[in-house]
Amino acid sequence: MVFWILVAGLVAGVTLVIMRPLMRQPITPGGIADADVAVYKDQLKEIAADEARGAIAANEAESARTEIARRLLRVTQDNEKSDSPLRASARNRFVTPVTIATAIALPVVSLGLYLAYGAPGMPAQPLSERIAEASEASKPNDLIAKVEQRLREHPEDGMGWDVIAPVYSAMGRYEDAAESYRKAVNLLGENPKRLQDFANARIRLENGIVPDDARKALQRVLVLEPQAIEPRIWLALAKEQDGHLAEAAADYKSLLDKAPEDAPWRKVLEERLANLAPAAGAAANNKTVAETAPAGTPAPAAPQGAPGGPDASAVMSMSPQDRQAFITSMVDGLAARLKADGSDAAGWVKLIRAYQVLGRHDDAVKALNDARTNLKGNEVGLAQVEDLARQLGLGS
Amino acid sequence: MIVELGHFALILALLVAVVQVVVPMFGAAIRDERMMRVAEPAALSQFLLIALAFFALMHAYVTSDFSVLNVAENSHSTKPLIYKMAGVWGNHEGSMLLWVLILALFGAAVALFGNNLPPTLKARVLSVQASIAVAFLLFSLLTSNPFLRLDPAPSDGRGLNPILQDPALAFHPPFLYTGYVGFSIAFSFAIAALIEGRIDAAWARWVRPWTLAAWMFLTIGIAMGSWWAYYELGWGGWWFWDPVENASFMPWLAGTALLHSALVMEKREALKIWTVLLAILTFSLSLMGTFIVRSGVLTSVHSFAVDPARGVFILAILVLFTGGGLALFALRAKDMQAGSLFQPISREGSLVLNNLLLVTATATVLVGTLYPMALEGLTGEKISVGPPFFNMTFGPLMIPLLIALPVGPLLAWKRGDFLGAMQRLSLAFLAALVAVVAVYAVEHRGPWLAPFGIALGVYVMAGAVIEWASRVKVGSAGLDEIARRATNLPRSAYGTLFAHFGVGMLVVGIIATSAYREEHILAMKPGEKVSVDGYDVAFTGVERARGPNYSEDIADFAVTRNGAAVARLQPSKRLYDAPPQPTTEAGIHASWRGDLYVVIGDAQPGGGYAVRAYFNPLVRFIWLGALIMFLGGGISLSDRRLRVGAPSRHRLAAPVPAE
Chain A
1 MVFWILVAGL VAGVTLVIMR PLMRQPITPG GIADADVAVY KDQLKEIAAD EARGAIAANE
61 AESARTEIAR RLLRVTQDNE KSDSPLRASA RNRFVTPVTI ATAIALPVVS LGLYLAYGAP
121 GMPAQPLSER IAEASEASKP NDLIAKVEQR LREHPEDGMG WDVIAPVYSA MGRYEDAAES
181 YRKAVNLLGE NPKRLQDFAN ARIRLENGIV PDDARKALQR VLVLEPQAIE PRIWLALAKE
241 QDGHLAEAAA DYKSLLDKAP EDAPWRKVLE ERLANLAPAA GAAANNKTVA ETAPAGTPAP
301 AAPQGAPGGP DASAVMSMSP QDRQAFITSM VDGLAARLKA DGSDAAGWVK LIRAYQVLGR
361 HDDAVKALND ARTNLKGNEV GLAQVEDLAR QLGLGS
Chain B
1 MIVELGHFAL ILALLVAVVQ VVVPMFGAAI RDERMMRVAE PAALSQFLLI ALAFFALMHA
61 YVTSDFSVLN VAENSHSTKP LIYKMAGVWG NHEGSMLLWV LILALFGAAV ALFGNNLPPT
121 LKARVLSVQA SIAVAFLLFS LLTSNPFLRL DPAPSDGRGL NPILQDPALA FHPPFLYTGY
181 VGFSIAFSFA IAALIEGRID AAWARWVRPW TLAAWMFLTI GIAMGSWWAY YELGWGGWWF
241 WDPVENASFM PWLAGTALLH SALVMEKREA LKIWTVLLAI LTFSLSLMGT FIVRSGVLTS
301 VHSFAVDPAR GVFILAILVL FTGGGLALFA LRAKDMQAGS LFQPISREGS LVLNNLLLVT
361 ATATVLVGTL YPMALEGLTG EKISVGPPFF NMTFGPLMIP LLIALPVGPL LAWKRGDFLG
421 AMQRLSLAFL AALVAVVAVY AVEHRGPWLA PFGIALGVYV MAGAVIEWAS RVKVGSAGLD
481 EIARRATNLP RSAYGTLFAH FGVGMLVVGI IATSAYREEH ILAMKPGEKV SVDGYDVAFT
541 GVERARGPNY SEDIADFAVT RNGAAVARLQ PSKRLYDAPP QPTTEAGIHA SWRGDLYVVI
601 GDAQPGGGYA VRAYFNPLVR FIWLGALIMF LGGGISLSDR RLRVGAPSRH RLAAPVPAE
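The following block contains the structure:
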């Protein structure tokens, strides 16, 4: 409604403004030659000024003046020749039809064209509004439903899969996330981030066990990006989970050797290695130890990975103090990493969830606020965090 | 709602433009004052409506409203704000909207500030201007409507070509378009005058400020494009004789000629027919540039989506306006009176020479640009007319032009004193000689002609200063007198000084960079060093980093000179997220002597990186020269004399009882 009022106002305003000269009493402007005369008079003044400055000699100035005077004379004659300067008669028979035609054509044709080509009544859909709407809905939200709908119709839209996958991941729907990443990789091709995200989703789904397809993906990441660190950590963990404790320990060591002093994951690896050292020794004697060696632990942020989670047998096998210390160190590592680089929305989601699971409510609220500051501008990420906050019942 | 309002405003603007074409033209024909007056409110409301449409689209970009097809195809939610805004013209539809916006802006400016024009001429100019707007608004609405909607809206957009996500490029199109499209006013004046059947010295005075405004914006627009190509494309070059560059350069050359011939016409009423023809040709070249760039006959970063329907439409517009303009010219030119006479050695003579050379140069560029395209179109054979062609044809044409440049302003109108001018230029010759010797003393390599090229630039710069000095009587008058004269000198004289001085700087920059550039292309491993023109450039390593919407490999180079640290250069290679596309960012250390320019390439199998390092001597003179030319245009434009020559407004508008 407001739209049509504005359209009507626009048309009416423009039509009136344009028709105003037609509806006024006609006036007689200066003769056509007036404008020319003014220019030539100005030129005469310039010559006088040039002469006064000494820029041109007196005889040159004189001949220039003659020339301009000749032009002046000509325009004056032209002007007298043309019958009347301008027709100022109010009885010009064309004015009325022209006025009426304009008054009708402007609104009618413009509205007609707009109705034919435009999309009247279609609201704007700025991203911020759509995200707000999407996260307000308590049921499977609108945005996701829309994208899913679109993907059902166009399963070949790789970008769509790529967009929805992290959303699934943030919602804890790891199976859907992994599947979406797989499709995105198939449709758009491999890139390190996509493969890594796929692997992460798979690992979460398996509660921390690094499954075969995740391993393959991680290895591909390393082919594409030989200097990447994250896949190496996971692959080392995979070795540990397979019971190749010595190899895993060696990998941890080499990762630690190369790690910068302030690498946030350094502490985690150190503890892992410390845990492993006796186990690795034992493994040489008794392979079965390996089967119960810590598995699934590096995903403490996922709720399932926390103590009491259905499949956290590995962590459960630690002494309560060890377990607590281990999880704390993992969480602190994540917090440190996010402090250094706060752009990772998924990381914030993990951290907030982990704090909440650990019962550190104040830290969770603080992390939520930090995430809001850090993710400013990243609308999708912000929406994930807000979603989580709502799920967990953290104040806004 | 805002988007839809924008769409409606654009349609209404088309209707207003149609009224603006028909009513004032008819009014001028039957000499009805009221109908002619319709042109002014029509031009203003047309501009406001298109501005409304433009800002509606920009609003959609800024809020990432992906229900607008154009936004979904060309923007992305993670893009920094400035590129969301610049994204409006970073695509075909939006840039055409910018085009019509500027077209309407010039029309509105004539409506507002053209009080000194005779009423019939003003009405006709605005009518012709609106006819161009009708053509382009139709083009926009029918083939490239920026307001098409998408429902449901996609979750995110496809992103702006990363190579365009750059500050210089964000502002290059508006400036360039202001120049390009600004020549439409000269065209409209020419057509209006042909219809009117009266062309005299006063006409030249009225058309000159508009041409000057268009020219200065085109100058700075081209310079920005070149500056961007220099640091973003990573080749260390600043001009490639690329058809797209030529498309903007041809109207510039013709516009420069127009600017000078209009001067002759205003002062001496000579070259009337020629000036009108040039005005038509200059805008035709602008239209042709639009056609070349937008029709998809060539692929470049400017061509965006290729759609044959668009090409045909623009071609039709080009044929209509160029053909129509020239036909009208042919019909009317014979009725025009020839202008005054002058000796070959005179100010007029020198400006005729300027025009001949500039127009020949334009034709050269035109041939070099169109011939390969025509050949490919007709025979399918692909040939490349690269810099060698232009260096051999365009270059030699510039030499006499530059030699004559300082002489012209020193000659008097009608009959000049050539020997006197030479005498006054003796200091410039001396400066040029010193330059030759100095360059030979410093540089032992490079082509033997290069020092003369630099000397030519120095001579032009010196000539510009001498012309000013002789006007204020430096050397023959006291200091007080000089100061008085300097302040009394019309601003347009300072405009000439700046513009010509800028040309000289530009020439010095171009020759120095082309002849004495040092280039190293090599594979480097961290820890290795290369010596470039006295700088020691040590490669420290490559690091990975993350920007707002890209990841990048940043290389680090420590630059020292004789052991003292000079700079750290960090050229990088970026990979944008959406769309995933690599770009290079050059590391540049700028100084008065020139630029040290380092670019990092791909990782090599042996563990090193491909590195290109250049030293481009005096390369900044090129853009600095262009900037000074731009300022010169601005100073000249502020000259009081370009604004007066008008009967005062109240006399024009004073109501007189009807007969």
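As you go down the protein sequences, you meet chains A and B in turn.
Numbering of the first sequence is given in the working numbering, commencing with residue 1 and proceeding in unit increments.
Numbering of the second sequence is given in the working numbering, commencing with residue 1 and proceeding in unit increments.
All C-beta atoms in this analysis are idealised placements derived from N, C-alpha and C, irrespective of residue type, glycine included.
If you're wondering where the values come from, they're calculated on a predicted model, not measured in any experiment.
Rounded Cβ spacing between residue i and residue j (contact assumed at less than 8 Å)
i      : j      : result
P41/B  : I131/A : In fact, because the Cβ distance is near 43 Å, the residues do not count as touching under 8 Å.
E379/A : S128/A : 6 Å
A23/A  : T76/A  : One detail in the question is off: residue 23/A reads as Met in this sequence, not Ala. With a Cβ gap of about 34 Å, M23/A and T76/A do not count as contacting.
L253/B : L358/B : 5 Å
V365/A : D156/B : Not quite, the Cβ-Cβ distance comes to about 30 Å (not below 8 Å), so this is no contact.
E269/B : A168/B : With a Cβ gap of about 42 Å, E269/B and A168/B do not count as contacting.
A184/A : R173/A : Contact doesn't hold; Cβ gap of about 15 Å is too wide.
A412/B : E60/A  : 7 Å
P264/A : A214/A : Not a contact, Cβ separation roughly 22 Å.
L218/A : P231/A : 4 Å
V62/B  : M85/B  : 6 Å
V108/A : L72/A  : Actually they are not in contact, since the Cβ atoms of V108/A and L72/A sit about 49 Å apart, beyond 8 Å.
Y114/A : F8/B   : 5 Å
6 Å CB neighbourhood of residue i in its chain, flanking five on each side removed
i      : result
E247/A : K239
N285/A : At N285/A, the pLDDT of 46 sits below 50, so the modelled position is not reliable; the number obtained from the coordinates is stated separately. Cβ within range, chain order: n/a, list empty.
K376/A : none
S313/A : Any reading at S313/A must be qualified, since the residue scores a pLDDT of 45, below 50, and its modelled position is unreliable; no value is offered.
L668/B : With chain B covering only 1 through 659, there is no way to say anything about residue 668/B.
M122/A : none
W623/B : A223, W227
P211/A : R202
Endpoints, alpha helix (DSSP H) assigned at residue i
i      : result
M336/B : Element bounds for M336/B: n/a, residue is neither H nor E.
P243/B : 243-268
S254/A : 245-258
G121/A : Premise fails: G121/A is in no alpha helix (DSSP H) and is neither H nor E.
A109/B : 92-113
I222/B : 201-232
A367/A : 361-374
Where the beta strand (DSSP E) through residue i begins and ends
i      : result
E543/B : 535-546
F557/B : 550-561
A523/B : 518-524
H589/B : 587-590
G601/B : 594-603
F615/B : 609-617
S531/B : 529-532
V2/A   : Note, V2/A: premise wrong, no beta strand (DSSP E); alpha helix (DSSP H) at 2-23.
Nonlocal neighbours in the same chain, by C-beta distance under 7 Å from residue i, ignoring five residues either side
i      : result
D166/B : W228, E232
V532/B : E518, H520, L596, A613, F615
L105/B : F47
A662/B : Residue 662/B lies beyond the range of chain B shown here (1 to 659); nothing can be said about it.
I280/B : F187, A190, G325, L326, F329
P146/B : L57, N70, E93, G94, L97
P409/B : E467, T496
Same chain, Cβ closer than 8 Å to residue i, neighbours up to 5 away in sequence not counted
i      : result
M250/B : L285, M288, G289, T362, V365, L366, T369
G114/B : K122, V125, W206
At what residue ranges does the segment 340-414 of chain B contain a whole run of the alpha helix (DSSP H), taking only runs of 4 or more? 347-379, 387-404, 407-410
Sufficient close CB pairs (3 or more, under 8 Å) joining the segment 238-256 of chain A to the segment 264-279 of chain A: yes
Determine, using beta-carbon pairs with one atom in the segment 342-354 of chain B and one in the segment 411-422 of chain B, whether at least three such pairs fall under 8 Å. yes
Do the segment 117-133 of chain B and the segment 16-33 of chain B meet, that is, are 3 or more Cβ pairs less than 8 Å apart? yes
How about the segment 141-160 of chain B and the segment 207-214 of chain B: do they share at least three Cβ pairs that are nearer than 8 Å? no
Does the pairing of the segment 428-438 of chain B with the segment 379-391 of chain B give three or more beta-carbon distances under 8 Å? no
Are the segment 622-637 of chain B and the segment 544-552 of chain B touching, with three or more C-beta to C-beta distances below 8 Å? no
Do the segment 596-605 of chain B and the segment 522-541 of chain B make contact, defined as three or more Cβ pairs closer than 8 Å? yes
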